[in-house]
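For the sequence shown, this note's numbering begins at 14 and goes up steadily by one. Worksheet: one structure, shown below.
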Amino acid sequence: MTVRRLSIVLVVTGMLATGVSLSTAAAATSTSYSGTTSDGGSWVADVPSPWNGNVLLYSHGFGPLVAADAPDGTTKQALLDRGYALVGSSYDPNGSWWALGSALRDQFEALSDLTPQLPSSPDNVLAFGTSMGGLISALEDESNPYGRVDGSFTTCGIVGGGIQLNNYQLDGEYTMSKLLAPGVPIKLVRFTGGPPEGLATGEQLDTLAHQAQTTPQGRARLALAMAFMNVASWAPGQPMPAPHDYDAQEQGQYDVQFSGGFTTMDFVEFGRPYIEQAAGGNGSWTAGEDFERLLDQSSYAPEVRALYREAGLNLRDDLSTLTQGADIKADRGAIQWLDQTSVPHGHLLAPELDMHTISDQLVPVQHENKYAQTVRQADSHRLLRQAFIERQQHCNFTPAELVAGVLALQHRVDTGRWDNVARPKALEASAQSLGLGDAAFIHFKPDPLSGDNGPFDPITQGVG
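Here it is as structure tokens:
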């Protein structure tokens with residue numbers, strides 16, 4: 014991998030909110046602490062004076078295993094100014110960047126090591142996570158063997174879970190391979206060569222997409238693949254497409270997924286070997302899937318059908334081809350590991366606020382729909398609130414939005430009631446009052462997550 018390519022990867026995998034803003038709160042004096050976890054990882058913490066009695070247990074996203082206790086410097090200072098102590102670990106430095114095998118243990122070890130340095134025992138511990146760390150903070154809110162938090166603030170989280178993430182991505186990649194390059198060998202799972210091998214697959218798929226985008230037939234089939242991958246249609250720098258402008262929607266999805274020197278598809282494929290490494294095998298499948306049913310359940314179906322009609326293609330034939338050729342099986346042990354470590358089951362023990370941008374190229378906002386269903390099925394929905402930001406890009410939050418989210422969760426923890434604090438107007442008013450820059454909270458209902466393949470069947474869908 015070239016130095017330039019590696020630098021792009023590291024920038025993208027930071028998954029941090031960006032933006033420079035000023036806070037009107039007085040700058041706090043704080044003391045920094047650090048230490049190590051039992052697996053050789055590191056942790057860092059900052060404790061302000063005065064301290065408000067609350068600790069934010071921060072979980073960083075997928076990427077280099079470096080300890081962090083906040084998503085960005087401006088948000089960090091704003092939280093310290095408001096009296097919050099911050100702590101976070103690197104996770105296991107000898108493990109995969111998909112660090113779910115060690116993250117919860119390492120996070121609670123960091124908290125335990127920090128506690129004796131505090132003026133007193135914390136009144137509350139609030140989990141706070143970004144991207145993969147958002148999945149971690151959601152899991153910290155469920156029953157786990159390492160400890161309990163009093164509330165969770167999950168931002169841009171992979172809350173649909175690791176198995177679902179693997180499956181909908183694979184559905185789209187398989188569709189591209191099968192319909193756009195039949196007979197061409199493209200490796201989609203079991204990357205023994207690690208991230209470089211995954212990135213090579215990403216580049217193959219990029220090439221297929223660039224070629225497909227030049228013809229009506231190619232665009233229709235690409236729209237089908239992007240429907241399965243839940244690709245957002247609102248591309249950076251472009252206006253939001255009109256509801257029935259299907260050509261514009263497909264162009265937006267193409268720009269989101271395949272534009273730039275290091276594309277979203279490149280990132281997805283670069284990351285898949287890390288998940289396989291952590292899980293000990295392939296944690297996704299196509300075998301036994303009915304692709305016509307998958308499309309019928311997708312909110313993108315009208316776009317796909319319109320573009321197929323425009324191109325003069327038979328959609329049913331293509332869907333039948335996909336179903337008949339679907340033979341990728343998962344490794345049973347990998348599914349079991351992911352289910353145990355990387356899938357929320359919705360049994361919340363404390364209140365949780367989730368925040369997501371509505372056009373997220375890496376963790377589609379539809380994850381929030383899937384997660385809300387999971388929490389509802391576990392009868393924990395009274396504890397969950399979800400907030401949405403009218404903005405593009407993954408984890409693209411302002412410090413004002415992040416601090417407003419923390420304060421809303423704090424209200425729920427302190428009072429035992431959500432009242433109106435997690436509603437868009439209240440969150441917007443809170444954010445605008447902080448002197449930390451802009452905010453864009455809106456009322457929004459995410460569509461269903463495409464490619465919800467249901468429970469794993471080891472007989473038809475698994476090997477090993």
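We put the beta carbon where it would ideally sit given N, CA and C, even for glycine. Computed from a predicted model, the values in this text were never measured in an experiment.
- Counting only runs that start and end within the segment 357–386, where is the beta strand (DSSP E) found for 3 or more residues in a row? The segment 357–386 contains, as complete beta strand (DSSP E) runs of 3+ residues, the segments 365–372 (chain order).
- Message: For the ligand ATP, I want to know if residue 235 counts as a neighbour, meaning its beta carbon is within less than 7 Å of at least one of the ligand's heavy atoms.
- Response: Absence of the ligand ATP from the depicted structure is noted, as is the absence of any ligand whatsoever, leaving it without description.
- Query: Leaving out the 5 sequence neighbours to the left and right, which residues in its chain are closer than 7 Å to residue 311 when beta-carbon positions are compared?
  - Reply: For residue 311, where only same-chain residues beyond five positions count, the Cβ hits under 7 Å are 240 and 463.
- Query: Can you round the beta-carbon distance between residue 397 and residue 385 to whole angstroms, since I take them to be within the 8 Å contact cut?
  - Reply: Contact between residue 397 and residue 385 holds: CB atoms are separated by about 7 Å, below the 8 Å threshold.
- Task: In the DSSP assignment, find the alpha helix (DSSP H) that holds residue 267 and state where it starts and stops.
- Result: Element bounds for residue 267: 259–271.
- Item | Beta-carbon contacts of residue 475 that lie in its chain and below 8 Å, excluding the five residues immediately before and after | Correct list, in chain order: 298, 342, 343, 344, 345, 348 and 469.
- Item | Touching by the beta-carbon criterion (3+ pairs, under 8 Å), the segment 246–259 and the segment 201–220 | Three or more beta-carbon pairs separated by less than 8 Å are not found between the segment 246–259 and the segment 201–220, which leaves the two stretches without contact.
- DSSP on residue 180, reduced to helix/strand/coil? Looking at residue 180 - three-state DSSP - the assignment turns out to be helix.
- Distance between beta carbons of residue 317 and residue 182, contact taken as under 8 Å: The Cβ separation is near 18 Å, so there is no contact.
- Query: How about residue 454 and residue 440: do their beta carbons lie closer than 8 Å?
  - Reply: Contact: yes.
- Task: Give the straight-line distance between the Cα atoms of residue 69 and residue 92, rounded to the nearest whole angstrom.
- Result: The straight-line gap from Cα to Cα measures roughly 9 Å.
- Would you check if there are 3 or more beta carbon pairs closer than 8 Å linking the segment 153–164 to the segment 288–308? The count of Cβ pairs closer than 8 Å, one atom from the segment 153–164 and one from the segment 288–308, stays below three, leaving the stretches out of contact.
- Message: So the candidates are 415, 425 and 473; which of them puts its Cα closest to the Cα of residue 446?
- Response: Checked all of 415, 425 and 473; the closest Cα to residue 446 is 415.
- Query: Is residue 55 closer than 8 Å to residue 146 when the C-beta atoms are compared?
  - Reply: Taking the C-beta atoms as reference points, residue 55 is found no nearer than 8 Å to residue 146.
- Message: When you compare the CB positions of residue 115 and residue 105, do they come within less than 8 Å of one another, or not?
- Response: Contact flag set, yes.
- residue 86 by DSSP, collapsed to three states: which one? When DSSP states are grouped into helix, strand and coil, residue 86 belongs to the helix group.
- Task: Could you name the residues of the same chain whose beta carbon sits closer than 6 Å to that of residue 368, not counting the 5 residues immediately before and after it, in chain order?
- Result: These residues qualify, in order along the chain: 168, 400 and 418.
- Message: As an exercise, report each continuous alpha helix (DSSP H) stretch of at least 4 residues that is fully enclosed by the segment 178–249, in chain order.
- Response: Entirely contained in the segment 178–249, the alpha helix (DSSP H) runs reaching 4 residues are, in chain order, 208–225 and 229–241.
- For the putative contact between residue 267 and residue 226, defined by C-beta atoms under 8 Å, what is the C-beta separation to the nearest angstrom? Separation of the CB atoms of residue 267 and residue 226 is rounded to 6 Å, and the pair is thereby assigned contact status at 8 Å.
- Proximity to residue 212 [Cα-Cα], best of 263, 274, 242 and 279: Minimum Cα distance to residue 212 is reached at 279.
- Query: So residue 379 and residue 407 are in contact, right, with Cβ under 8 Å, and what is the actual spacing, rounded?
  - Reply: At roughly 14 Å, the Cβ-Cβ gap does not stay under 8 Å, so residue 379 and residue 407 are not in contact.
- Message: According to DSSP, residue 138 sits in a beta bridge with which residue or residues?
- Response: The bridge partners DSSP lists for residue 138 are 68.
- Considering only residues of the same chain and omitting the five flanking positions on each side of residue 296, which have a CB-CB separation below 8 Å? Correct list, in chain order: 175, 176, 179, 288, 289, 343, 344, 347, 348, 350 and 351.
- Query: residue 101 bridges to which residues according to DSSP?
  - Reply: As computed with DSSP, residue 101 is found in a beta bridge with 57.
- Task: With a threshold of 16 other CB atoms inside 10 Å of the CB of residue 53, please say whether the residue is buried or exposed.
- Result: Exposed: under 16 other Cβ atoms inside 10 Å.
- Task: Under 8 Å by Cβ, that's how I've got residue 201 and residue 222 pegged, so tell me the actual separation to the nearest angstrom.
- Result: The beta-carbon distance between residue 201 and residue 222, rounded to whole angstroms, is 15 Å. This is too long to meet the 8 Å contact definition.
- Item | Nearest residue (CA-CA) to residue 448, options 51, 102, 88 and 184 | Residue 448 has its Cα closest to that of 88, out of 51, 102, 88 and 184.
- What does a CB cutoff of less than 6 Å around residue 308 pick up in its chain, not counting 5 residues either side in sequence? 314.
- Task: Would you kindly work out how many angstroms separate the C-alpha atoms of residue 477 and residue 338, rounded to a whole number?
- Result: Approximately 21 Å, taken between the alpha carbons.
- Any idea if residue 481 is buried or exposed, counting beta-carbon neighbours within 10 angstroms, 16 or more meaning buried? Residue 481 falls outside the range modelled here, since the chain spans only 14 to 477, and no answer is possible.
- Item | The beta strand (DSSP E) enclosing residue 397, as first and last residue numbers | Going by DSSP, residue 397 is part of the beta strand (DSSP E) stretching over 397–405.
- In angstroms with no decimal places, state the Cα-to-Cα distance between residue 99 and residue 361. The straight-line gap from Cα to Cα measures roughly 23 Å.
- Message: Please state the DSSP three-state secondary structure of residue 32.
- Response: Residue confidence for residue 32 is low, a pLDDT of 31 falling below 50, so the modelled location carries little weight; the figure read from the coordinates is stated next. Per DSSP, reduced to three states, the secondary structure at residue 32 is coil, with no helix or strand assignment.
- Query: With a cut-off of 8 Å, does the C-beta of residue 121 fall near any C-beta of chain C?
  - Reply: Given the protein chain composition of this structure (a single chain), no chain C is represented.
- Message: If the criterion is Cβ atoms closer than 8 Å, does the pair residue 173 and residue 150 meet it?
- Response: Not closer than 8 Å, so no.
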